[in-house]
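Structure first, commentary second.
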DNA sequence: GTCTATACCTTGATAGAC
DNA sequence: GTCTATCAAGGTATAGAC
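Chains as they are written, first to last, in this note's numbering: chain A, 48 to 255; chain B, 48 to 255.
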């Protein structure tokens, strides 16, 4: 059910068939808002239930625990974030275009879906050790995608960086931190922020 | 008691006279570790008490509530962070040196004091509305300090940026996000990260 | 200033009727 | 699948002895 929640948040796509049924989806959206707003531990199952229009007990028909709700959201969000990077990398021509497009779309995603993005970046530490381990694997692939394109750019003589690992972290920080400060109603749109940050990323790698 | 907690964490300074007494200080250090590790709401007063070697009731002799403990830590941390920026700005000669020195020290602080920095950047939303409002004022001054130096650099013809506000956010994101990913025992020292990020900030503003 | 004991409340989760 | 009712556990904070 990759990006089911994101897709619904988008209000772009007609209802696809698989994944959570209507009520489960409503619960995930309710939980996403609550977790992003107050954090996992400050959110009560009663809060989630009432946001979704259910009684406190109604949650447990669809999710066995509050942690499982977080896990589904976190996994879904990480998979979507990784997919955003991969699609951008595939479609672009050369490291320079690839990095710009990856940062543009990754940043835009963090702003547009800042509730899920906040859960992805700041709440995964509250998962069980087993679930956290699974998510950490996805996080390494996200970091690896950015690391690769910078490495390619250096090898091709298009980028000049002092240290690939440090620059990778810096580029990721730019986009990730958007989930912390972004709020709807900001002057700049998610797309404008993505455009600006793509340029800034090219400066970080001293692209020719 | 500006930076009392940071100073003790440093193990650099001999005991100064004002501020919290020994036990209150131990409680603040215990709370800082716990809040940074698990977040405010996941931390129990029992946890804080036991880390400080006290009974659960012992906390309330020194702090009237758990929130007040967070408030003291947050205020102390924000004042120190602001002071780091101000000292760097005063000592430097010209916008280029000022920006580099501010980012160097601000970043190093976020790594070296990553427990307090994490509370500063990610836990202040759990303060009471009154306390949060006070902290927001400090946060605006922090953002203003970076905004000013970039504006000065542009005015002096030393920097070239598309938008001062966006670049300010990006520079701050670089340093702030260090508090999220830094962990003791990392290959790079706080100082090395600060040095690298000072260079990256100069790239972001296209310093001549 | 610190302790033991505990009040009082909210929490995550379950039982069982419909 | 949803509800009402409820449980056991653990939360913040206080009372009162020492």
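For every residue, glycine included, the Cβ atom is placed at its ideal position computed from N, Cα and C.
Given residue i as reference, the closest of the options once Cα atoms are compared
i: residue 183/A; options: 101/A, 167/A, 249/A and 248/A; result: 167/A
i: residue 233/B; options: 158/B, 162/B and 180/B; result: 158/B
i: residue 150/B; options: 72/B, 117/B and 220/B; result: 220/B
i: residue 97/B; options: 115/B, 80/B and 225/B; result: 80/B
i: residue 116/A; options: 127/A, 144/A, 175/A and 145/A; result: 175/A
i: residue 188/A; options: 235/A, 132/A and 236/A; result: 132/A
i: residue 67/A; options: 84/A, 94/A and 123/A; result: 123/A
i: residue 229/A; options: 84/A, 69/A, 249/A and 130/A; result: 84/A
i: residue 217/B; options: 78/A, 77/A, 100/A and 243/A; result: 243/A
i: residue 227/A; options: 128/A, 235/A and 162/A; result: 162/A
Same chain only: Cβ atoms within 8 angstroms of residue i, ignoring 5 sequence neighbours per side
i: residue 209/A; result: none
i: residue 102/B; result: 96
i: residue 155/B; result: 237, 238, 240 and 241
i: residue 121/B; result: 166, 167, 170, 171, 174, 178 and 182
i: residue 249/B; result: 143, 146 and 147
i: residue 203/A; result: 141 and 142
i: residue 225/A; result: 154, 157, 158, 161, 164, 240 and 244
i: residue 111/B; result: none
i: residue 235/A; result: 243
Contact set for residue i: own chain, Cβ-Cβ below 7 angstroms, skip 5 residues either direction
i: residue 215/A; result: 190, 193, 194 and 197
i: residue 113/B; result: 92
i: residue 201/B; result: 208 and 211
i: residue 109/B; result: 70, 71 and 74
i: residue 119/A; result: 75
i: residue 87/A; result: 117, 170 and 173
i: residue 231/B; result: none
Beta-carbon proximity check, residue i vs residue j, cutoff 8 angstroms
i: residue 173/B; j: residue 89/A; result: yes
i: residue 147/A; j: residue 245/A; result: yes
i: residue 153/A; j: residue 222/A; result: yes
i: residue 247/A; j: residue 251/B; result: yes
i: residue 126/B; j: residue 72/B; result: no
i: residue 169/A; j: residue 169/B; result: yes
i: residue 77/A; j: residue 104/A; result: no
6 angstroms Cβ shell around residue i - same chain, five flanking residues per side excluded
i: residue 145/A; result: 136, 139 and 196
i: residue 143/B; result: 205 and 254
i: residue 180/B; result: none
i: residue 94/A; result: 81
i: residue 199/A; result: 142
Item to check | the region 82 to 109 of chain A: positions lying closer than 7 angstroms to chain B by Cβ | outcome: 86, 88 and 89
Checklist entry - What residues in the region 214 to 227 of chain A have a beta carbon less than 9 angstroms from any beta carbon of chain B? => result Taking 9 angstroms as the Cβ-Cβ cut-off against chain B, the residues of the region 214 to 227 of chain A that qualify are 214, 216, 217, 219, 220, 221, 222, 223, 224, 225 and 227.
Checklist entry - Taking Cβ-Cβ distances below 8 angstroms as the criterion, which residues of the region 226 to 254 of chain A are in contact with chain B? => result 227, 228, 235, 240, 243, 244, 246, 247, 250, 251 and 253
Checklist entry - When Cβ atoms are compared, which residues of the region 174 to 199 of chain B fall closer than 7 angstroms to chain A? => result Correct list: empty, as no residue qualifies.
Checklist entry - Closer than 8 angstroms, Cβ to any Cβ of chain B: which residues of the region 157 to 171 of chain A, in chain order? => result 168 and 169
Checklist entry - Quick one, which residues of the region 199 to 212 of chain A are near chain B if we go by CB-CB under 8 angstroms, in chain order? => result 209 and 210
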